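Novice: Below you will find the structure I want to go over with you.
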Amino acid sequence: MSPGTHVILGAGPVGLATARALTRRGEEPIVVSRTVGVSVPSGARHRAGDVLDPSFLESTIAPGAVVYQALNAPYHRWRQDLPPLQRAVVGRCRRASARLVSFENMYMYGAPGGSPLGEDAPHRPCSIKGRVRSEMALELARAREAGTLEVIQVRASDLFGPGVHASALGDEVFGRIAQALAPRVAGDPDAPHSWTYVEDCAQTLVAAALHPDPPPVIHVPSEPPVSARDVVALASALSGRPITLRVTPTWVLRLLGIFDPLIRELPEMIYEFDRPFVVADTVARGQLGLTSTPFEVAVARTLEAFGVIRATA
0 MSPGTHVILG AGPVGLATAR ALTRRGEEPI VVSRTVGVSV PSGARHRAGD VLDPSFLEST
60 IAPGAVVYQA LNAPYHRWRQ DLPPLQRAVV GRCRRASARL VSFENMYMYG APGGSPLGED
120 APHRPCSIKG RVRSEMALEL ARAREAGTLE VIQVRASDLF GPGVHASALG DEVFGRIAQA
180 LAPRVAGDPD APHSWTYVED CAQTLVAAAL HPDPPPVIHV PSEPPVSARD VVALASALSG
240 RPITLRVTPT WVLRLLGIFD PLIRELPEMI YEFDRPFVVA DTVARGQLGL TSTPFEVAVA
300 RTLEAFGVIR ATA
């Protein structure tokens with residue numbers, strides 16, 4: 000594909016990891032963000048602008064482009080911000096006959112019912128944010144079924160990895176370990192959980208984008224589920240330092256949420272962490288031939304990125 004064919008909307012950890020994956024293939028992706036002066040991987044280009052500005056989108060997404068939708072918004076702004084952003088992107092992709100690869104999470108599925116959540120799991124959102132994600136996902140599915148949009152939906156469980164700060168394993172776990180502080184989690188620290196490494200998100204997005212006949216919905220491959228306590232124990236072993244895990248009670252989150260709108264959004268998501276939360280990834284592995292990064296390798300690279308251990312060759 001020619002330079003400029005790949006347009007990544009969003010310069011967060013997923014967007015930048017996708018840019019790295021593309022530049023390794025010799026592509027020259029455009030990374031779009033509202034912020035000026037964002038550092039992007041060598042070989043990529045950055046454009047600052049407002050996705051809600053039709054003229055900006057028209058000048059950025061050329062006919063026949065591949066568009067990676069990795070935009071996000073603060074938790075407490077999802078209802079107001081995310082649907083208009085998606086509609087703006089969908090409108091331009093339709094006009095440009097572009098292939099849209101939409102990065103999504105698992106919130107639309109709601110609480111797991113005891114079996115792994117597969118790509119065909121029904122939408123049973125049990126949170127406000129889950130309903131937002133479900134509505135957005137169904138909007139894309141309807142457009143695909145109507146033949147008005149070529150779109151692939153790539154979904155990940157809770158993220159971790161280099162550059163991932165706003166997640167259950169982000170600043171509250173790896174960030175605090177880097178500061179020699181006790182990591183903090185909510186929910187049941189011993190509940191098995193599917194965690195998704197950010198670089199595996201990138202490989203899945205790119206594989207979907209380049210596949211001649213991709214599946215409509217793909218779960219990013221993840222390693223077998225482990226508990227938050229297991230993650231911290233592995234981090235302790237790899238770093239060679241004792242680490243004590245602390246659990247933040249839900250009532251504390253509710254109390255803090257009185258003063259902080261972001262924390263206020265957390266209690267409704269505890270259902271992901273107070274019981275086993277296991278995701279199936281058979282489509283990515285079976286149809287695309289993808290694999291997940293071994294968990295020890297992924298945690299080691301995350302510790303390196305947070306400055307806890309030195310990078311190895």
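Just so you know, numbering that gives the first Met the number 0 puts 37 at position 38 of the sequence shown, and the rest follows in order with no gaps.
Don't be surprised by glycine CBs; every beta carbon is placed ideally from N, CA and C.
Just so you know, these numbers come straight off a predicted model, no measurement behind them.
Does serine 1 pass the burial test, meaning 16 or more other C-beta atoms within 10 Å, or should it be called exposed?
Specialist: Within the sequence shown, the letter at position 2 stands for residue 1. Because serine 1 sits at a pLDDT of 49, beneath the cut-off of 50, its placement in the model cannot be relied upon, and the following sentence gives the value as read from the coordinates. Per the 10 Å Cβ criterion, exposed.
Novice: So valine 88 is in the alpha helix (DSSP H); what residue range does that whole segment cover?
Specialist: Locating residue 88 in the sequence shown gives position 89, where the first residue counts as 1. Where valine 88 is concerned, the enclosing alpha helix (DSSP H) stretches over 77-95.
Novice: Just to confirm before moving on: does the CB-CB distance between valine 216 and arginine 154 stay below 8 Å?
Specialist: Taking the sequence shown and counting its residues from 1, one reaches residue 216 at position 217. Taking the sequence shown and counting its residues from 1, one reaches residue 154 at position 155. Their beta carbons are under 8 Å apart, which means valine 216 touches arginine 154 by this criterion.
Novice: Could you tell me the alpha carbon to alpha carbon distance between arginine 86 and alanine 179, rounded to whole angstroms?
Specialist: Sequence index remark: in the sequence shown, residue 86 carries index 87 (1-based). Sequence index remark: in the sequence shown, residue 179 carries index 180 (1-based). For arginine 86 and alanine 179, the distance between alpha carbons rounds to 43 Å.
Novice: Kindly give me the distance between the Cβ atoms of glutamate 57 and arginine 44, rounded to whole angstroms, as I take these residues to be in contact under 8 Å.
Specialist: Start at 1 with the first residue of the sequence shown, and residue 57 comes out as number 58. Start at 1 with the first residue of the sequence shown, and residue 44 comes out as number 45. That pair is no contact at about 17 Å.
Novice: What did DSSP end up calling glutamine 286 once you bin it into helix, strand or coil?
Specialist: Taking the sequence shown and counting its residues from 1, one reaches residue 286 at position 287. Glutamine 286 falls in the helix class under three-state DSSP.
Novice: Indicate the three-state DSSP secondary structure (helix, strand or coil) for serine 1 in the structure shown.
Specialist: Working through the sequence shown from its first residue, we reach residue 1 at position 2. The pLDDT assigned to serine 1 is 49, lower than 50, so where the model puts this residue is not dependable, and the model offers no usable value.
Novice: At what residues does the alpha helix (DSSP H) containing glutamine 202 begin and finish?
Specialist: The residue labelled residue 202 in the question sits at position 203 within the sequence shown. 197-209 is the extent of the alpha helix (DSSP H) around glutamine 202.
Novice: Could you compute how far the alpha carbon of serine 235 sits from the alpha carbon of alanine 177?
Specialist: As a first step, residue 235 is located in the sequence shown; it is residue number 236 there, counting from the start. As a first step, residue 177 is located in the sequence shown; it is residue number 178 there, counting from the start. Cα to Cα, the separation comes out at about 11 Å.
Novice: Which residues in the same chain have their Cβ closer than 6 Å to the Cβ of serine 330, if we skip the five residues on either side of it in sequence?
Specialist: Lying before the first or after the last residue shown, residue 330 is absent from the chain, which here runs from 0 to 312.
Novice: Quick one: Cα of glycine 113 to Cα of proline 275, how far?
Specialist: Counting from 1 along the sequence shown, the entry for residue 113 is found at position 114. Counting from 1 along the sequence shown, the entry for residue 275 is found at position 276. Cα to Cα, glycine 113 sits roughly 8 Å from proline 275.
Novice: So, valine 50 versus valine 88, is the Cβ gap smaller than 8 Å?
Specialist: As a position in the sequence shown, residue 50 is number 51, starting the count at 1. As a position in the sequence shown, residue 88 is number 89, starting the count at 1. For valine 50 and valine 88, yes; Cβs fall inside 8 Å.
Novice: Could you tell me the alpha carbon to alpha carbon distance between proline 115 and glycine 36, rounded to whole angstroms?
Specialist: Position 116 of the sequence shown, counting from 1, holds the residue named residue 115. Position 37 of the sequence shown, counting from 1, holds the residue named residue 36. Their backbone Cα atoms lie some 41 Å apart in a straight line.
Novice: With DSSP collapsed to three states, give me the class of threonine 249.
Specialist: Here residue 249 refers to the residue found at position 250 of the sequence shown. Looking at threonine 249 - three-state DSSP - the assignment turns out to be helix.
Novice: When DSSP builds the beta bridges, which residues end up paired with isoleucine 151?
Specialist: Taking the sequence shown and counting its residues from 1, the one referred to as residue 151 is at position 152. In the DSSP output, where bridge partners are listed per residue, isoleucine 151 has Val100.
Novice: Leaving out the 5 sequence neighbours to the left and right, which residues in its chain are closer than 7 Å to alanine 283 when beta-carbon positions are compared?
Specialist: On the sequence shown, residue 283 is found 284 positions in, with the first residue counted as 1. Counting only Cβ-Cβ distances below 7 Å, and skipping sequence neighbours, we find Thr203, Ile217, His218, Val219, Pro220 and Leu289.
Novice: Just tell me which of Tyr196, Arg175, Gln286 and Ala167 has its CA closest to the CA of glutamate 271.
Specialist: Taking the first residue of the sequence shown as 1, we reach residue 271 at position 272. When only C-alpha atoms are compared, the closest one is Ala167.
Novice: Should serine 291 go down as buried or exposed, given a rule of 16 or more other Cβ atoms within 10 Å for buried?
Specialist: Residue 291 sits at position 292 when you count from the first residue of the sequence shown. Buried, because 16 or more other Cβ atoms sit within 10 Å of the Cβ of serine 291.
Novice: Identify which residue in Glu267, Met105 and Phe294 has its Cα closest to the Cα of alanine 232.
Specialist: In the sequence shown, residue 232 corresponds to position 233, counting from 1. For alanine 232, the nearest C-alpha among the options comes from Phe294.
Novice: Less than 8 Å separating the beta-carbons of glycine 129 and alanine 69?
Specialist: To locate residue 129, count along the sequence shown from 1; it is residue 130. To locate residue 69, count along the sequence shown from 1; it is residue 70. Cβ distance not < 8 Å, so glycine 129 and alanine 69 don't count as in contact.
Novice: Can the beta-carbon of methionine 107 be found less than 8 Å from the beta-carbon of proline 124?
Specialist: To locate residue 107, count along the sequence shown from 1; it is residue 108. To locate residue 124, count along the sequence shown from 1; it is residue 125. It is a contact, given that the beta carbons lie within the stated cut-off.
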